[in-house]
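These notes concern the structure reproduced below.
In UniProt numbering, the protein residues as written are 1 to 264.
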């Protein structure tokens with residue numbers, strides 16, 4: 001028996017697109033992220049990917065809409081041609097995108113429960129953070145399926161997180177692992193390492209995390225570094241990146257927030 005036989009992944013494509021767009025703005029200087037869908041599958045035996053056809057925006061020109069359609073078609077072709085991935089795109093019926101997305105969500109829930117009752121899977125990973133999936137997650141757990149939720153920590157429903165057996169949260173590093181090698185000018189990955197000693201160079205900015213422990217920012221030859229205490233032990237870690245604001249975004253993902261001294 002294969003190690004991951006019976007492990008199925010169900011992807012809410014609209015949710016994934018929102019997360020990728022958010023991370024692109026915060027960590028990748030707004031660059032659109034090109035994904036290698038083989039890497040999303042990871043150790044799962046099969047992946048079921050659900051998405052809605054793009055809808056024309058109000059006041060959008062025909063040419064701009066056709067460009068959006070072409071971009072989505074190319075994305076769908078990449079997804080559908082990936083080994084082990086099954087794509088469901090729904091139908092363009094009606095003008096209300098919320099109704100069409102609801103139809104996709106219902107299809108996902110029905111498929112998940114169908115695979116469970118037919119004993120096709122023993123483990124289900126749901127990539128979504130939408131509370132609408134709470135009933136199906138609860139039903140799968142009751143049915144004996146081990147459910148892992150893969151979601152964004154800040155935007156996902158807490159009730160949905162609690163309903164699952166396990167959870168995995170998005171991070172900039174997990175998304176870096178998904179980036180296609182064919183992407184032109186890919187975003188710069190930050191360097192993260194544990195520090196034995198704080199750098200013996202001038203501090204350009206001092207701040208504090210929630211418990212008052214100090215955070216230090218430095219200018220480096222290759223950009224900036226921010227040293228911050230991680231965990232209860234207070235051991236320091238460092239994030240390096242050419243852009244200070246992006247380095248800070250990475251740090252705040254690790255320790256929630258930093259209060260900087262205004263005088264510096």
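Ideal Cβ positions, reconstructed from N, Cα and C, are used throughout, including at glycine.
Residue 128 counts as buried, since at least 16 other C-beta atoms from the protein chains shown sit within 10 angstroms of its C-beta.
Note: residue 124 is bridge-paired with 8 and 147 in the DSSP secondary-structure output.
Secondary structure note for residue 223: it is in no alpha helix (DSSP H), and the uninterrupted beta strand (DSSP E) holding it is 223 to 230. For the set 215, 222, 87 and 137, the Cα lying nearest the Cα of residue 229 is the one of 215. Judged by DSSP secondary structure, residue 131 falls outside any beta strand (DSSP E); it is assigned neither H nor E. Per DSSP, the beta-bridge partners of residue 87 are 49. Annotation for residue 244: 224 place their beta carbon closer than 6 Å to its own, counting only its chain and skipping 5 residues before and after.
Membership of residue 34 in any alpha helix (DSSP H) is not indicated, and neither H nor E is assigned to it by DSSP. Boundaries of the beta strand (DSSP E) harbouring residue 235: 235 to 241, taken from the DSSP string.
Around the CB of residue 5, fewer than 16 other CB atoms lie within 10 Å, so the residue is classed as exposed. Cα atoms of residue 213 and residue 161: separation of roughly 29 Å, rounded to the nearest angstrom.
Around the beta carbon of residue 133, 16 or more other beta carbons sit within 10 angstroms, so the residue counts as buried. Taking the Cα positions, residue 7 is about 10 Å away from residue 147.
Listed in chain order, the alpha helix (DSSP H) runs fully inside the segment 140 to 191 are 158 to 163 and 172 to 178, counting runs of at least 4 residues. Counting the other CB atoms within 10 Å of its CB gives residue 10 a total of 16 or more, which places it among the buried residues.
Taking residue 144 as reference, the option from 156, 122, 155 and 152 with the minimal CA-CA separation is 122. Note that the C-beta distance between residue 118 and residue 82 is not below 8 Å. Residue environment analysis places residue 184 among the exposed positions, since fewer than 16 neighbouring C-beta atoms fall within 10 angstroms of its C-beta.
The criterion of a C-beta distance shorter than 8 Å is not satisfied by residue 51 and residue 84. Straight-line measurement puts the Cα of residue 62 at about 45 Å from the Cα of residue 192.
If you draw a straight line from the Cα of residue 120 to the Cα of residue 261, it comes to about 56 Å.
Contact between residue 180 and residue 34 holds, with the beta-carbon distance rounding to 4 Å and staying under 8 Å.
At least 8 Å separates the beta-carbon of residue 172 from that of residue 76.
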